[in-house]
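See below for the structure under consideration.
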Amino acid sequence: MDFVLVHGAWHGAWCWRRVLPGLWAAGHRAFAVSLSGVGERAHQRHDGIRLATHADDVAAVIEAEELQAAVLVGHSYGGMVITAVADRLAPRLSHLVYVDAVVPLPGESWSSGHSPDTQTARRAGIASTGAIAPADPAAFGLSGDDAAWVARRQTPQPGGVYDDPLSFDATRIEALPRTFIDCTSPALPTIAPMRQRVRAMPGWRVIEIATGHDPMISAPEALLQALLGVAAAATARNTS
1 MDFVLVHGAW
11 HGAWCWRRVL
21 PGLWAAGHRA
31 FAVSLSGVGE
41 RAHQRHDGIR
51 LATHADDVAA
61 VIEAEELQAA
71 VLVGHSYGGM
81 VITAVADRLA
91 PRLSHLVYVD
101 AVVPLPGESW
111 SSGHSPDTQT
121 ARRAGIASTG
131 AIAPADPAAF
141 GLSGDDAAWV
151 ARRQTPQPGG
161 VYDDPLSFDA
171 TRIEALPRTF
181 IDCTSPALPT
191 IAPMRQRVRA
201 MPGWRVIEIA
211 TGHDPMISAP
221 EALLQALLGV
231 AAAATARNTS
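Position 71 of the sequence shown, counted from 1, bears residue number 71 in the UniProt record's numbering, the numbering being contiguous throughout.
Pasting the structure below:
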């Protein structure tokens, strides 16, 4: 089974390093993507980066690696990205996994689910610097060495993606199996509308993990087991 892992805001491919070895050891091919302008690509940040840019980044990996029946995993803001990619490349995918992630409706942007106060603060930062400053890792339930590591590695998020709406064919997305991984302890407030949304919509499987917003760091084994379960189910569907 092929996996493509897409990080959330301020992160990069580095955040998956505790999960990737387990996927490889189980015999899966797994690729972690760093989106334009963040991670080791932070030096490439520019004002023209949009949601479509990040979707291009992920689609390019799927095309270059000739992936088929891939499990596409998006964390946090990465939910916007994987939805955009799935709208383009649905026949190449077998499952979508939203890890405490944004689950947009057609026409929504990343900012759509945020409170007015959050929107105002982030737009002010974008107007000033062109980017959104990294969040405090404590908000993700991280402490000690993990918090220090994330604080070192986070980079500003390109501001052009914040209010960029995503138009897509909802029926195309709904035709794919979808899993939402709900990180409950502590639960990140900006994801609360998404938790409610997936529980109110048909076709979703919800897996709860009692950890914070960065489970690939704070609970990598639990996240790994959830992903392996998704792979097993996808394999069973593909061979039935």
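Ideal placement from N, C-alpha and C gives every residue a C-beta, glycine not left out.
Does the Cβ-Cβ distance between residue 87 and residue 172 come in under 8 angstroms?
A contact, by the Cβ cut-off of 8 angstroms.
Between residue 29 and residue 2, which are expected to be in contact by the criterion C-beta below 8 angstroms, what is the C-beta distance as a whole number of angstroms?
Right, the Cβ-Cβ distance comes to about 5 angstroms (below 8 angstroms), so this counts as a contact.
Assigned secondary structure, residue 18 (DSSP; H/G/I helix, E/B strand, else coil):
coil
Please determine if the segment 118-131 and the segment 94-101 are in contact, where contact requires at least 3 C-beta pairs separated by less than 8 angstroms.
no
Assuming residue 160 and residue 186 form a contact by the criterion Cβ under 8 angstroms, report the distance between their Cβ atoms to the nearest whole angstrom.
Contact flag wrong, Cβ pair sits at about 30 angstroms.
Since residue 61 and residue 33 should fall inside the 8 angstroms C-beta cutoff, what is the C-beta to C-beta distance between them, to a whole number of angstroms?
5 angstroms
Can residue 188 and residue 151 be called in contact, C-beta distance under 8 angstroms?
no
Indicate the three-state DSSP secondary structure (helix, strand or coil) for residue 179 in the structure shown.
strand
So within the segment 119-202, which uninterrupted alpha helix (DSSP H) runs reach at least 4 residues, ignoring any that extend past its ends?
144-153, 170-174, 192-200
To the nearest angstrom, how far is it from the Cα of residue 19 to the Cα of residue 6?
12 angstroms
Entirely within the segment 30-71 and at least 4 residues each: give me those alpha helix (DSSP H) ranges in chain order.
51-64
Endpoints, the alpha helix (DSSP H) within which residue 224 is located:
220-239
Output the distance between the C-alpha atoms of residue 197 and residue 113, rounded to the nearest integer angstrom.
11 angstroms
Since residue 51 and residue 227 are thought to touch, with beta carbons under 8 angstroms apart, how far apart are those beta carbons, to the nearest angstrom?
Contact doesn't hold; Cβ gap of about 24 angstroms is too wide.
Does DSSP put residue 100 in a helix, in a strand, or in coil?
coil
Closest residue to residue 190 among 232, 119, 170, 74 (Cα-Cα distance)
119
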